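Quick notes on the structure that follows.
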Amino acid sequence: MSDSKIVPVILAGGSGTRLWPISRDSLPKQFLPLSTSGGTLYQDTLQRVAQGEMFAAPIIVTNEEFRFFAQRQARDIGVEPTVVLEPVRRDSAPALLAATLLAQQMHGDEATLLVLAADHVIGDIPLFHEACRKAHGTAKLGHIVTFGITPTEPRTSYGYIRRGAVLNGGAAALVEAFAEKPNAETARDYVEAGYLWNSGNFLFPADVMLEEAESFEPEIVAAVRRAVADATRDLGFCRLGAAFHGAPSLSIDYAVLERTGRAAVVEGSFPWSDVGSWNAVREISAPDESGNVQRGPVRMVDATNSYIHSEGPLVAAIGVEGLSVVATGDAVLIMPSARSEEVKHLVASLKAERRNEATEHPKMHRPWGSYETINLGGRFRVKKIVVDPGERLSLQRHHHRSEHWIVVTGTAEVTVGEEVFTVHENESTYIPLGSVHRLTNPGRIPLELIEVQVGSYLGEDDIVRLDDVYNRVEAVAPAAIP
1 MSDSKIVPVI LAGGSGTRLW PISRDSLPKQ FLPLSTSGGT LYQDTLQRVA QGEMFAAPII
61 VTNEEFRFFA QRQARDIGVE PTVVLEPVRR DSAPALLAAT LLAQQMHGDE ATLLVLAADH
121 VIGDIPLFHE ACRKAHGTAK LGHIVTFGIT PTEPRTSYGY IRRGAVLNGG AAALVEAFAE
181 KPNAETARDY VEAGYLWNSG NFLFPADVML EEAESFEPEI VAAVRRAVAD ATRDLGFCRL
241 GAAFHGAPSL SIDYAVLERT GRAAVVEGSF PWSDVGSWNA VREISAPDES GNVQRGPVRM
301 VDATNSYIHS EGPLVAAIGV EGLSVVATGD AVLIMPSARS EEVKHLVASL KAERRNEATE
361 HPKMHRPWGS YETINLGGRF RVKKIVVDPG ERLSLQRHHH RSEHWIVVTG TAEVTVGEEV
421 FTVHENESTY IPLGSVHRLT NPGRIPLELI EVQVGSYLGE DDIVRLDDVY NRVEAVAPAA
481 IP
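For the sequence shown, our numbering gives the first residue as 1, with consecutive numbering after it.
Next up, the structure:
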């Protein structure tokens, strides 16, 4: 017997490069507060399926880099999910099938799963819940149900769904065909013909999905079964076994949905966006009377239909129209809003040049807090380090640099070799090259300090971890982050 509640599965491992420079590989869009709710897109998704009469506790699928974001942001809003870690990224089919097998272990073989992307925006939650009820009833008839969105206009950035025969008393319909992202003329034809946007979110019985996946992609299912069987627990995370590496990388659309004869669609009339471009971010925001949206230190004069977002310097604009400007501490993006879909190509070129701005934020988050580079020279680097209350960095040493620590706020407990001592505000200490050391915040407020590194090599991979409360000594090689 299965539980009657729907098990939400949230896929939260994407990189979100289309919203560069705010969203980068080190901190992608799902963990950023880009909607109007004040929370992150991931937190909004969790709130949408809050545990209660309809939904069970969620399963989150992510990876090593994002595990603490996923866990902490959930706990910040009172949610205790099962966080599943992929040892390597293998697209959505292996990730979803792993969650399906785990849901069967927790809720029974016939568990029903609702799979959601972590970075979508959905308005009118009651309408969304009503669509979930219709999909649940249709799934009980043996269908894999996708959510099709009522188009508001022709869009070339979305896939489309053509409906067939009605199901479940008209609550759903068979999927007659999935259509790839069209050109402008075809998109208009699709909307006129009654096609729906493909949201990429769906609901299904676990046993039906596994049966279909076995018939189309047995190699994926076999690898994922072994990975789930060998899964281990680590600091509250569920780590899939090494067999996951052997799963072919394939999306669930290509693996199952576009090949099965059991696909159905429920129409969703609720507002929806995959927040796939800066133009989409503007559309989900509240513009002023001139059609402008501004976030952060921004001033506009005689501007219309523009989006300006700054997380660093003041950005001022005069007489602009249909422009998007996004500024961080280390990068500024300027473009006509209509060309926002091209950002991913720009990021690809920056990655090819191996520019740090393509993948890393100036402020880098860690399980213990964060650090930010303030200045960088040939033989020195100056950082601001923030350690959360009760947290500690790994016990470590460096081969090529010494460090000076100046405490600005809070109290630091410092270990150097066999000595453990306290450093208070406006005090400093020195870590000689090669010394084994550790930094801890024993207090109740964040510890802020300035770190000055001096040496012949200042890369983040000049770290040898000897002990770590976050179990990163074995999970991450010695060429690692602090």
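Just so you know, even glycine gets a beta-carbon here, dropped at the ideal spot from N, CA and C. Model, not experiment: these values are computed from the prediction.
Query                                                                                                                                                                                     : Result
What residue range does the beta strand (DSSP E) around lysine 383 cover?                                                                                                                 : 380–387
Taking 6 Å as the cut-off, does the CB of proline 81 come closer than this to any heavy atom belonging to the ligand NAP?                                                                 : In the structure shown, the ligand NAP is absent, as is every other ligand, since no ligand is present at all.
Could you check how far apart the C-beta atoms of threonine 411 and threonine 429 are, in whole angstroms? I think they sit under 8 Å.                                                    : Their Cβ separation, rounded to whole angstroms, is 12 Å, which puts threonine 411 and threonine 429 out of contact at 8 Å.
From alanine 484 to leucine 323, what does the alpha carbon distance come to, in whole angstroms?                                                                                         : Outside the modelled stretch of the chain, which goes from 1 to 482, sits residue 484, for which no answer is possible.
What does proline 336 pair with, by DSSP beta-bridge criteria?                                                                                                                            : Leu323
Determine, using beta carbons only, whether alanine 95 and leucine 203 come nearer to each other than 7 Å.                                                                                : no
On the DSSP letters alone, give me the boundaries of the beta strand (DSSP E) that alanine 172 sits inside.                                                                               : 172–179
Within the stretch 233–272, note down every full beta strand (DSSP E) run reaching 3 residues or more, in order along the chain.                                                          : 237–239, 263–268
Straight-line CA distance for isoleucine 463 to histidine 398?                                                                                                                            : 5 Å
Quick one: which unbroken beta strand (DSSP E) runs of 3-plus residues sit fully inside the stretch 30–55? Chain order, please.                                                           : none
Please list the terminal residues of the continuous beta strand (DSSP E) segment that includes lysine 5.                                                                                  : Here lysine 5 belongs to no beta strand (DSSP E), and DSSP marks it neither H nor E.
Given a cut-off of 7 Å, decide if serine 310 and alanine 327 are closer than it, judged by their beta-carbon atoms.                                                                       : yes
Could you name the residues of the same chain whose beta carbon sits closer than 6 Å to that of alanine 303, not counting the 5 residues immediately before and after it, in chain order? : Asn292, Ala317, Val320
Going by Cα to Cα distance, which pick from Glu86, Glu425, Tyr195 is closest to glycine 246?                                                                                              : Glu86
Smallest Cα separation from proline 113: which of Val386, Asp91, Ala103, Val121?                                                                                                          : Note on identity: in this sequence residue 113 is leucine, with proline being the wrong assignment. Closest by alpha carbon: Ala103.
On the DSSP bridge list, what partners appear for valine 145?                                                                                                                             : Leu203, Ala264
Measuring alpha carbon to alpha carbon, tell me which residue in Arg379, Ser273, Ser37 is nearest glutamate 283.                                                                          : Ser273
Taking just the CA atoms, how far does alanine 187 sit from leucine 101?                                                                                                                  : 37 Å
Under the rule that 16 or more other beta-carbon atoms within 10 Å means buried, what is glutamate 24, buried or exposed?                                                                 : This sequence places arginine at residue 24; glutamate is not what is there. It is buried - the Cβ of arginine 24 has at least 16 other Cβ atoms within 10 Å.
Report, in whole angstroms, the separation of the C-beta atoms of glycine 170 and asparagine 198, which I expect to be a contact under 8 Å.                                               : Not confirmed; about 21 Å, so no contact.
Are the CB atoms of tryptophan 405 and glutamate 342 nearer to each other than 7 Å?                                                                                                       : no
Return the first residue and the last residue of the alpha helix (DSSP H) that histidine 404 is part of.                                                                                  : Histidine 404 -> not in any alpha helix (DSSP H); beta strand (DSSP E) instead, spanning 401–409.
Just verifying my parser: in three-state terms, what is the DSSP assignment at histidine 309?                                                                                             : strand
Classify asparagine 426 as helix, strand or coil using the three-state DSSP reduction.                                                                                                    : coil
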